[in-house]
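Colleague:
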Amino acid sequence: MKQNLKTAAVVCLLAATGTMSSCKKDVKVLSNDSTTSPRAIYDTIDEKFNSFANGAYYYEGSYISKFGNNSSNNWFYDRTYISNPTGNASLRIKLMPMATEGASGVLGRTNIIPRNIYHVSYRVKFSANMDLAEGGKLGVGLGMGPVLSGENNGVKPNVNGSQGGSARLMWKRDGANWKLKPYLYYTNMPVDSKGKYYGTNIVYTNVYPSSGSISRDTWYTVDMTATSNTGTSNNGTINIKINGTTVLYNNQIYWGNNSPDQSNGIIKAVMFDTFRGGNDSTWESNSNDSYIYYDDIIVN
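Residue numbers (full-length UniProt numbering): 1 to 300.
#1: Which residues bound the alpha helix (DSSP H) around Glu60?
#2: Look at the Cβ atom of Met144, then the Cβ atom of Ile240, and state whether they are nearer than 9 Å.
#3: Does DSSP put Gly212 in a helix, in a strand, or in coil?
#4: Would DSSP call Ala167 helix, strand or coil?
#5: Applying the 10 Å Cβ sphere with the 16-neighbour rule, what's the burial state of Pro260?
#6: Going by beta-carbon coordinates alone, are Tyr220 and Arg123 separated by less than 9 Å?
#7: Give the single residue among Lys194, Asn243, Asn229, Ser210 whose Cα lies nearest to the Cα of Thr218.
#8: Can you look up Glu47 in the DSSP assignment and give me helix, strand or coil?
#9: Identify the continuous beta strand (DSSP E) that holds Asn239 and give its terminal residues.
#10: How about Val299 and Thr44: are their beta carbons less than 9 Å apart?
#11: On the DSSP bridge list, what partners appear for Ile292?
#12: Consult DSSP for Tyr254 and reduce its assignment to one of helix, strand or coil.
#13: Excluding five sequence neighbours on each side, which residues of the same chain lie with their C-beta closer than 6 Å to the C-beta of Asn152?
#14: Determine whether the beta carbon atoms of Leu95 and Ser281 lie at a separation below 9 Å.
#15: Report the rounded CA-to-CA distance for Lys181 versus Trp171, giving the unit in angstroms.
#16: Count the C-beta pairs between the region 98–111 and the region 269–280 that are closer than 8 Å, then say yes if the count reaches three, no if not.
#17: Beta-carbon within less than 6 Å of Leu142's beta-carbon, same chain only, minus the 5 sequence neighbours each way: which residues are those?
#18: Does DSSP put Gly145 in a helix, a strand or coil?
#19: Quick one, which of Asp273, Leu91, Ser51 has its alpha-carbon nearest Ser127's?
#20: Which word fits Ile113, buried or exposed, when buried means at least 16 other C-beta atoms lie within 10 angstroms of its C-beta?
#21: Would you give the residue range spanned by the beta strand (DSSP E) that Ile267 belongs to?
#22: Tell me the DSSP secondary structure of Asn300 in three-state form.
#23: Do you know how far the Cα of Ser149 is from the Cα of Tyr294?
#24: From this set, Pro146, Lys48, Ala40, Asn160, which residue's C-alpha is nearest Ser233's C-alpha?
#25: Quick one: what does DSSP say Ala56 is sitting in, helix, strand or coil?
#26: Below 7 Å CB to CB, which residues in the same chain sit around Lys66 once its five sequence neighbours on both sides are set aside?
As structure tokens, then:
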């Protein structure tokens, strides 16, 4: 998915400094709850949402104060809601009906201090009445270098390793069931069964659960660790566990060119995505009562 990162960053900065009185329809102005510069970047994130009242929005300013400089223009705060009825809060994100990609949810793109290794963990839950439909992207992931995440529209990534990579999770229909599935982009990624290069889980059976289906109104704990490759070698790693079960481990990944004058495989971004799709109408749902909950987000 293409994002106009430069424009979004300028809009966010102007809004934060109070020099802009209006925004485009698809860009949300920072609220006054932002407590840090939009340009701040971190290498540790810890968000449990417990400082928010039940029913509060999770404004972009709140996101920036905890995660750092959001460079996406798809953080629609009015699709967020803090669920905190008992003092143990979580973030609820609404999925919009008859829409896909950014129009159906929210996206956060946050620069982090470049490192060769990062770990991400979080809990995620589908609402009791959610229409899982065909599936979509969810959760907190990692971006390498320029962060390749679908812009190629199924075309093989550049063999010179200039586009970087990404590691996310999705939920996906599998016959009568739905699975949680790793969704990776990287330079030496395999082609899919249709001859395309879309997000891969490397081996078809790398899904959770291995049999049966995910459940609604049930918390799942996701742990993801990625390490960069050295130079142009196929020795980067990815390790994804769900509820303690290893879903994917691979140590032969070429995220991107990390030659001495390059850093296309270094981990530089956090991706916080919640949306349906795919990008065509087969991924849509007419449900107006579909939500995904998050809690205990840690990046380190």
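Note that beta-carbon positions come from the ideal geometry of N, C-alpha and C, so glycine has one too.
Modeller: For this structure:
#1: One-based indexing of the sequence shown puts residue 60 at position 60. That run of the alpha helix (DSSP H) goes 60–67.
#2: The residue given as residue 144 occupies position 144 in the sequence shown. The residue given as residue 240 occupies position 240 in the sequence shown. Against a cut-off of 9 Å, the Cβ pair of Ile240 and Met144 comes out as no contact.
#3: Residue numbering aside, residue 212 sits at position 212 when the sequence shown is read from its first letter. In the structure shown, Gly212 sits in coil (DSSP, three-state: anything other than H, G, I, E or B).
#4: Here residue 167 is taken as the residue at index 167 of the sequence shown, counted from 1. Three-state DSSP puts Ala167 in a strand.
#5: The residue you call residue 260 lines up with position 260 of the sequence shown. Counting Cβ neighbours within 10 Å, Pro260 comes out exposed, since fewer than 16 surround it.
#6: For this step, residue 220 is matched to residue 220 along the sequence shown. For this step, residue 123 is matched to residue 123 along the sequence shown. In this structure, Arg123 lies closer than 9 Å to Tyr220 by Cβ.
#7: Taking the first residue of the sequence shown as 1, we reach residue 218 at position 218. Minimum Cα distance to Thr218 is reached at Asn243.
#8: Here residue 47 corresponds to residue number 47 of the sequence shown, with the count starting at 1. Strand, per DSSP.
#9: Residue numbering aside, residue 239 sits at position 239 when the sequence shown is read from its first letter. Here the beta strand (DSSP E) through Asn239 covers 236–242.
#10: Translated into positions along the sequence shown, residue 299 becomes position 299. Translated into positions along the sequence shown, residue 44 becomes position 44. Yes, they are a contact pair.
#11: Translated into the one-based positions of the sequence shown, residue 292 becomes position 292. Answer is Ile93, Phe126.
#12: The residue given as residue 254 occupies position 254 in the sequence shown. If DSSP states are grouped into helix, strand and coil, Tyr254 belongs with coil.
#13: Locating residue 152 in the sequence shown gives position 152, where the first residue counts as 1. Taken in chain order, the list of residues that qualify is empty.
#14: What you label residue 95 is simply residue 95 of the sequence shown in a count that begins at 1. What you label residue 281 is simply residue 281 of the sequence shown in a count that begins at 1. Going by C-beta atoms, Leu95 is not nearer than 9 Å to Ser281.
#15: For the purposes of this step, residue 181 is taken as the residue at position 181 of the sequence shown. For the purposes of this step, residue 171 is taken as the residue at position 171 of the sequence shown. The straight-line gap from Cα to Cα measures roughly 6 Å.
#16: yes
#17: In the sequence shown, counting from the first residue as 1, residue 142 sits at position 142. For Leu142, where only same-chain residues beyond five positions count, the Cβ hits under 6 Å are Tyr118, Ala167, Ala226, Ile267.
#18: In the sequence shown, counting from the first residue as 1, residue 145 sits at position 145. Of the three classes helix, strand and coil, the one that applies to Gly145 here is coil, per DSSP.
#19: The count along the sequence shown starts at 1 and reaches residue 127 at position 127. Measuring from the Cα of Ser127, the nearest candidate turns out to be Leu91.
#20: Stepping through the sequence shown from its first residue, residue 113 is reached at position 113. The residue in question, Ile113, is exposed, as its Cβ has fewer than 16 Cβ neighbours within 10 Å.
#21: In the sequence shown, the residue the question calls residue 267 occupies position 267. Where Ile267 is concerned, the enclosing beta strand (DSSP E) stretches over 267–276.
#22: Position 300 of the sequence shown, counted from the first residue, corresponds to residue 300. Asn300: coil per DSSP, three-state reduction.
#23: Here residue 294 is taken as the residue at index 294 of the sequence shown, counted from 1. Here residue 149 is taken as the residue at index 149 of the sequence shown, counted from 1. Near 22 Å, if we compare the C-alpha coordinates of Ser149 and Tyr294.
#24: On the sequence shown, residue 233 is found 233 positions in, with the first residue counted as 1. Checking every option, the nearest Cα to that of Ser233 belongs to Asn160.
#25: Residue mapping note: residue 56 aligns to position 56 of the sequence shown, counting from 1. In this structure, Ala56 counts as coil in the three-state DSSP scheme.
#26: By one-based count along the sequence shown, residue 66 stands at place 66. Excluding sequence neighbours, Lys66 sits near Ile45, Glu47.
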